[in-house]
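Visitor: One structure, as structure tokens, below. Some questions next.
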Amino acid sequence: MRFSVIIPIFNRPDELRELLDSLTKQTVLPYEVLIIEDGSVNKSDGVVAEFAERLPVRYEFKPNSGQGFTRNYGFERATGDYLVIFDSDAIIPSHYFETVARCLAQNPLDAYGGPDAAHPNFTDIQKAISYSMTSPFTTGGIRGSKKNLGGTFHPRSFNMGLSRKVWETVGGYRISRMGEDIEFAIRIIENGFRTGLIPDAFIYHKRRTSFKQFFRQLQFFGRARINISRFYPAELKAVHWFPALFTAGLASVPIWAMVSPILFACAIGVFSVFSILVLVDATRKEKSLQVGMLSMVAAFVQLTGYGTGFVQEAIKRWREPRDFRETGVDVEYPS
Numbered sequence: 133m134r135f136s137v138i139i140p141i142f143n144r145p146d147e148l149r150e151l152l153d154s155l156t157k158q159t160v161l162p163y164e165v166l167i168i169e170d171g172s173v174n175k176s177d178g179v180v181a182e183f184a185e186r187l188p189v190r191y192e193f194k195p196n197s198g199q200g201f202t203r204n205y206g207f208e209r210a211t212g213d214y215l216v217i218f219d220s221d222a223i224i225p226s227h228y229f230e231t232v233a234r235c236l237a238q239n240p241l242d243a244y245g246g247p248d249a250a251h252p253n254f255t256d257i258q259k260a261i262s263y264s265m266t267s268p269f270t271t272g273g274i275r276g277s278k279k280n281l282g283g284t285f286h287p288r289s290f291n292m293g294l295s296r297k298v299w300e301t302v303g304g305y306r307i308s309r310m311g312e313d314i315e316f317a318i319r320i321i322e323n324g325f326r327t328g329l330i331p332d333a334f335i336y337h338k339r340r341t342s343f344k345q346f347f348r349q350l351q352f353f354g355r356a357r358i359n360i361s362r363f364y365p366a367e368l369k370a371v372h373w374f375p376a377l378f379t380a381g382l383a384s385v386p387i388w389a390m391v392s393p394i395l396f397a398c399a400i401g402v403f404s405v406f407s408i409l410v411l412v413d414a415t416r417k418e419k420s421l422q423v424g425m426l427s428m429v430a431a432f433v434q435l436t437g438y439g440t441g442f443v444q445e446a447i448k449r450w451r452e453p454r455d456f457r458e459t460g461v462d463v464e465y466p467s
């Protein structure tokens, strides 16, 4: 099977170097690697040139249009049988393509997704963020489970593959940002294609390196969920409301302190139990009390970031209804 790897990038050459280096170490090399520079000022052509003799890598520069349309640009130029998408802030384990090829041979899928994990060399904050993004206490485990809560598995573009037939039938991304991968996955499924999770096809996803960056990223994710719900209302499930309710509950704690000591004590108790559960689980999984403590912070940052973005976009869409497929230019990639 010939894998074409497509990586959109915007002003992040240093991230790309680490990603390309990991691709040179694959036990099964990809057929081709396409680096699509999306109108960057800080270009990556020099980094790509460093790997020209070790990888079948091609570099393309295009005007800025956002990550969704930039992936489409790569799809149009790829020549492999299976199109694989990574974010630029990923590191790919050496067994990745060998694992995917074996799994697809045993269980053919039209499109697949893989989970993400924390690399041993990640900082403690990165490990805490990675834990929070995959924890059942913050996401319901939906990012690494075989099915979304209440639905079929939706591959996500940070680690996703699809057959050429899917691309030729579905046509790629219709929007360039604000939930573009969710919308794409929904259409793949609606066209009758088979999707699934390959648990062992994980990548190391660096995500953000500070809680401030993480908060901004999750605000964007919360906004994207409302954006998608305008076209697919059934995709807005109960679990997606949890961060907004969590945020509202946290914001109301000072009010309860003034209104009712009993309700205030109950609220403090609920958030304390939540914090302890995250601390114990993260410490156990990461084998580090430091990461466990940072994971408590990451959990609150994640839920309040997503919750505020969710509410912000809901209010905006109510006041200014318009077709969510209207797109603008990405100033910065959110993931």
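Throughout, my numbering is defined as the position within the sequence shown, counted from one, plus 132. Cβ atoms here follow ideal geometry from the backbone N, Cα and C, with glycine treated the same way. Predicted, not measured: the structure shown is a model, and the values here were computed from it.
Among the residues of its own chain, which have a CB less than 6 Å from the CB of arginine 190, if the five just before and after it don't count?
Guide: Leu166.
Visitor: Just checking my contact of tyrosine 228 with glutamine 158 at CB under 8 Å: how many whole Å lie between their CB atoms?
Guide: Confirmed, Cβ separation roughly 6 Å.
Visitor: Pull the bridge partners of phenylalanine 218 from the DSSP assignment, please.
Guide: Asn291, per the DSSP bridge assignment.
Visitor: Is glutamine 199 closer than 8 Å to arginine 309 when the C-beta atoms are compared?
Guide: Yes. Within cutoff.
Visitor: Just to confirm the assignment, what range does the alpha helix (DSSP H) spanning serine 384 have?
Guide: 370-391 is the span of the alpha helix (DSSP H), which, as asked, contains serine 384.
Visitor: State the DSSP-derived secondary structure class of aspartate 213, mapped to helix, strand or coil.
Guide: Reduced to three states, the DSSP call for aspartate 213 is coil.
Visitor: Nearest by alpha-carbon distance to valine 160: which of Val302, Ser136 and Val298 is it?
Guide: Of the candidates Val302, Ser136 and Val298, the one whose C-alpha sits nearest the C-alpha of valine 160 is Ser136.
Visitor: Excluding the five sequence neighbours on either side, which residues of its own chain have a C-beta within less than 6 Å of the C-beta of serine 407, listed in chain order?
Guide: The residues are Met428.
Visitor: Tell me, to the nearest whole angstrom, how far the beta carbon of phenylalanine 201 is from that of tyrosine 305; I am working on the premise that it is less than 8 Å.
Guide: Rounded, the Cβ-Cβ distance is 6 Å, consistent with contact.
Visitor: Is it right to say aspartate 170 is buried, meaning 16 or more other beta carbons lie within 10 angstroms of its own, or is it exposed?
Guide: Buried, by the Cβ-count rule.
Visitor: Please report the distance separating the alpha-carbon of valine 180 from that of threonine 156.
Guide: About 12 Å.
Visitor: Measure from the alpha carbon of proline 331 to the alpha carbon of each residue in Leu350, Phe378, Arg449 and Cys235, then state which is nearest.
Guide: Nearest C-alpha to proline 331: Cys235.
Visitor: Residues in the same chain with beta-carbon distance under 6 Å from phenylalanine 396, minus the five sequence neighbours each way, listed in chain order, please.
Guide: Here the set comprises Trp388 and Ala389.
Visitor: Since tyrosine 438 and phenylalanine 316 should fall inside the 8 Å C-beta cutoff, what is the C-beta to C-beta distance between them, to a whole number of angstroms?
Guide: Rounded, the Cβ-Cβ distance is 21 Å, inconsistent with contact.
Visitor: Specify the secondary structure class of leucine 166 as computed by DSSP and reduced to three states.
Guide: Three-state result, leucine 166: strand.
Visitor: Cutting at 8 Å between CB atoms, please list the residues of its own chain near phenylalanine 207, excluding the five before and the five after it.
Guide: Within the same chain, phenylalanine 207 has close Cβ partners Ile138, Leu215, Trp299 and Gly304.
Visitor: So, helix, strand or coil for glutamate 192, using DSSP?
Guide: Strand at glutamate 192.
Visitor: Considering just the uninterrupted stretch of the alpha helix (DSSP H) at phenylalanine 347, what are its terminal residues?
Guide: Note, phenylalanine 347: alpha helix (DSSP H), 343-361.
Visitor: Of the residues Gly381, Phe343 and Glu445, which one's Cα is nearest the Cα of lysine 259?
Guide: It is Phe343.
Visitor: Identify the continuous alpha helix (DSSP H) that holds proline 365 and give its terminal residues.
Guide: Neither: proline 365 is in no alpha helix (DSSP H) and is coded neither H nor E.
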